[in-house]
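Protein chains in written order, with this note's numbering: chain A, 1 to 151; chain B, 1001 to 1409.
For glycine and all other residues, C-beta sits at the position ideal for the given N, C-alpha and C.
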Amino acid sequence: MELGDLYTEIVTQYSCSQRHRHPLEHPDVTMRGVNPSCGDDISLALEVEGGIIKKAAISGSGCAISEASAAIMADMIEGKSTEEADRLAELFLGMIRKTVTDENELEELEDALALQNISNMPARVKCAVLAWHTLQGALKKLETSPQGTVG
Amino acid sequence: MNEYLYDFPLLRQADDKGRRIAYLDNAATTQKPQAVLDAVAAYYKTSNANPHRGAYDLSVEATKSLESAREKIRAFIGAKKAEDVVFTKSATESLNLVAQSYGMSSLAPGDRIAVAISEHHSNLVPWQIAARARQADITYLYTDEAGRIPSAELKSKISGRTKLVAVAHASNVTGVINSIEAVIERARTVGAVVVVDGTQSVPHMEVDVSALDADFYVFSAHKMLGPMGVGVLYGKEHLLQEMPPFLYGGDMIEYVEEQESTFAPLPQKFEGGTQNVGGAVGLAAAIDYLDRAGMRKIQALERELTAYLLDRLHSVPHLRIIGPDGIEDRIGVVSFVLKDAHPHDVATILNADRIAVRSGRHCAQPFLHHLGVQSTCRASVYLYNTKEDIDRLAESLKGVRRWLVHGIG
């Protein structure tokens, strides 16, 4: 695959985006996600109110692919319910694993579709999925802990 | 044209665009010359049987293959006796063997293990485990910014309580050659045993374990032109004698009765299970290859390549070398970072130009943390690399930021 299919304008712009790179004052849950071999190390913080994700913030650092993926994800899940966010994470992971290939179904992923080509780059798959796995971990943590006691 | 390149089938291959691979990840593993591939194939074609077992000729031949490989290794590293050379599956296993067998049987609560902060996880984590089990402490030998261990650090950290020192001969992150002589000299004054990880040194320089007076010295076949799946542990005879076995089972016993067993003498005591004879034969062929080329000549050649590599990397804008910038007391392993470009992206972009470098934490997370970097790119050379490989690396690096950062070339 060509580099231009990977480092697209969408990906490079999101990877430099600062929109979600700020600490949250009162996060309801925070979750760390690490790729031990390559050194991506991020933290996802969520503010959740009445089952709706009000704010998503990312800290830490990673490669352009993982940072773009995290930024796109944070944009996408703000304002959505936790169930909806979990479903979108499954859809994204399905796209990368190539278990979901129906274009109509994938259209929901909007800008995250820009990362579809990663599914052809085994060496970079774990960069693309890091934020989404971290999201699923955060949602699970939120579910198993009483509101207000995790963080 | 490099005089060795022709011997390596993988490196001669061109892809559909006519490009050879610029293989610069030799600190991870090396390519294999035809002579090694042939030796392994010949063993399986003509000499394969389970060694040390059968009364038939073929088994005797397999035993001879294994034992002559052991003798070749002994001579190559200057060990006194072949019995002091133990086969394992990797340098990692060799270090685990020392930690589990020697460490667990000799460390006592309150003892101290001195570990260089620059160690690969394989010479660090086994000591954490042994220390926890034996209630010993780990104290770190910290490096300076360039990744070198100051001699004052040896003096202050290797003290009366120190029973063991674990240090690599050469770093897989910075390429620094540590002064093992100074470490051993200091360790002797307090009676500590020294475990040397020679994984990055044995392939690239003359090593004489007897002259060094190392207590344990480990390395790996696949980083010195040999096959994967073979590691070596050298140990001083009296230490190996006192140590309990590591893996119990076939091939390492003497008498087995219902309730107890006695164990085979060295080195079989530590070689439970059928050994990788084909791999050992491949390592022997690799040593023959290195001997024919001459370790001094290889070292000189790599020094020239490393000087050229440093020089070309200096010409790349926004690039910072992690580790020593000069050519003295180092091997051809060079870590670097490029401003605003994550090493993983850099490696992917280089890959598009068919250049292979490692990116990440190099199994040395505490060291990278100490150096204040999250991850690096690492280029590492061997005797078959050419200046053209390095030119391709430097040129490709100059284009990396164009892919990642808008408006910056």
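Determine the extent of the beta strand (DSSP E) in which residue i is found, giving its start and end residues.
i               : result
residue 1377(B) : 1376 to 1380
residue 54(A)   : 52 to 61
residue 1319(B) : 1319 to 1322
residue 42(A)   : 40 to 49
Closest to residue i by CA distance: which of the options is it?
i               : options                            : result
residue 82(A)   : 94(A), 56(A), 62(A), 67(A)         : 56(A)
residue 1172(B) : 1158(B), 1123(B), 1150(B), 1160(B) : 1123(B)
residue 1216(B) : 1077(B), 1130(B), 1346(B)          : 1077(B)
residue 1194(B) : 1234(B), 1128(B), 1175(B), 1200(B) : 1234(B)
residue 1204(B) : 1170(B), 1006(B), 1181(B), 1229(B) : 1170(B)
residue 1121(B) : 1167(B), 1086(B), 1104(B)          : 1167(B)
residue 1091(B) : 1265(B), 1274(B), 1153(B), 1028(B) : 1028(B)
residue 1085(B) : 1125(B), 1184(B), 1239(B)          : 1239(B)
residue 1190(B) : 1021(B), 1289(B), 1140(B), 1163(B) : 1163(B)
residue 1305(B) : 1381(B), 1143(B), 1344(B)          : 1381(B)
residue 138(A)  : 2(A), 47(A), 64(A), 14(A)          : 47(A)
residue 1374(B) : 34(A), 54(A), 143(A), 12(A)        : 34(A)
residue 1009(B) : 1026(B), 1024(B), 1036(B)          : 1036(B)
residue 1143(B) : 1404(B), 1386(B), 1323(B)          : 1323(B)
residue 1081(B) : 1367(B), 1236(B), 1319(B), 1131(B) : 1236(B)
Which residue marks the beginning of the alpha helix (DSSP H) containing residue i, and which one marks its end?
i               : result
residue 1281(B) : 1277 to 1293
residue 1224(B) : No alpha helix (DSSP H) contains residue 1224(B), which DSSP labels as neither H nor E.
residue 1398(B) : 1387 to 1404
residue 1367(B) : 1365 to 1371
residue 1348(B) : 1343 to 1352
residue 1274(B) : Premise fails: residue 1274(B) is in no alpha helix (DSSP H) and is neither H nor E.
residue 4(A)    : 3 to 6
residue 1189(B) : 1180 to 1190
Compare the C-beta of residue i with all C-beta atoms of chain A and state if any pair is closer than 8 Å.
i               : result
residue 1021(B) : no
residue 1348(B) : yes
residue 1396(B) : no
residue 1360(B) : yes
residue 1319(B) : no
residue 1408(B) : At residue 1408(B) the pLDDT is 46, less than 50, meaning the model places this residue with poor confidence; the figure from the coordinates comes in the next sentence. No, no contact with chain A.
residue 1412(B) : Nothing about residue 1412(B) can be reported from this structure: the residues present for chain B run from 1001 to 1409 only.
residue 1401(B) : no
residue 1012(B) : no
residue 1120(B) : no
residue 1128(B) : no
residue 1290(B) : no
residue 1374(B) : yes
residue 1345(B) : yes
residue 1225(B) : no
residue 1370(B) : no
residue 1310(B) : no
residue 1338(B) : no
residue 1404(B) : yes
Counting only C-beta atoms, is residue i closer than 8 Å to chain B at any point?
i              : result
residue 7(A)   : yes
residue 134(A) : no
residue 39(A)  : yes
residue 32(A)  : no
residue 131(A) : no
residue 62(A)  : yes
residue 3(A)   : yes
residue 21(A)  : no
What does the alpha-carbon distance come out to for the pair residue i and residue j?
i               : j               : result
residue 1293(B) : residue 1286(B) : 11 Å
residue 1019(B) : residue 1312(B) : 21 Å
residue 1337(B) : residue 1351(B) : 16 Å
residue 42(A)   : residue 1113(B) : 33 Å
residue 1243(B) : residue 1119(B) : 24 Å
residue 1257(B) : residue 1263(B) : 12 Å
residue 1093(B) : residue 1231(B) : 7 Å
residue 5(A)    : residue 117(A)  : 7 Å
residue 1390(B) : residue 1291(B) : 26 Å
residue 1407(B) : residue 1401(B) : In this prediction, residue 1407(B) has a pLDDT of 45, which is less than 50 and means its spatial position is unreliable; what the coordinates show is noted afterwards. About 9 Å.
residue 17(A)   : residue 1145(B) : 32 Å
residue 1321(B) : residue 1370(B) : 15 Å
residue 1016(B) : residue 121(A)  : 19 Å
residue 1409(B) : residue 1223(B) : Because residue 1409(B) sits at a pLDDT of 41, beneath the cut-off of 50, its placement in the model cannot be relied upon, and the point is left open.
residue 1221(B) : residue 1297(B) : 20 Å
residue 113(A)  : residue 1096(B) : 45 Å
residue 1034(B) : residue 1340(B) : 41 Å
residue 1300(B) : residue 1331(B) : 10 Å
residue 104(A)  : residue 115(A)  : 16 Å
Secondary structure, alpha helix (DSSP H): runs of 4+ residues fully inside the segment 1025 to 1102 of chain B: 1034 to 1042, 1057 to 1077, 1091 to 1097
Fully enclosed by the segment 1229 to 1262 of chain B, which alpha helix (DSSP H) runs are 4 residues long or longer? 1237 to 1242
Please specify which runs of the beta strand (DSSP E), each continuous and at least 3 residues long, are wholly inside the segment 1112 to 1178 of chain B, giving them in chain order. 1112 to 1116, 1137 to 1141, 1162 to 1168
Enumerated in chain order, which unbroken segments of the alpha helix (DSSP H) with a length of 4 residues or greater are wholly contained in the segment 98 to 124 of chain A? 103 to 106
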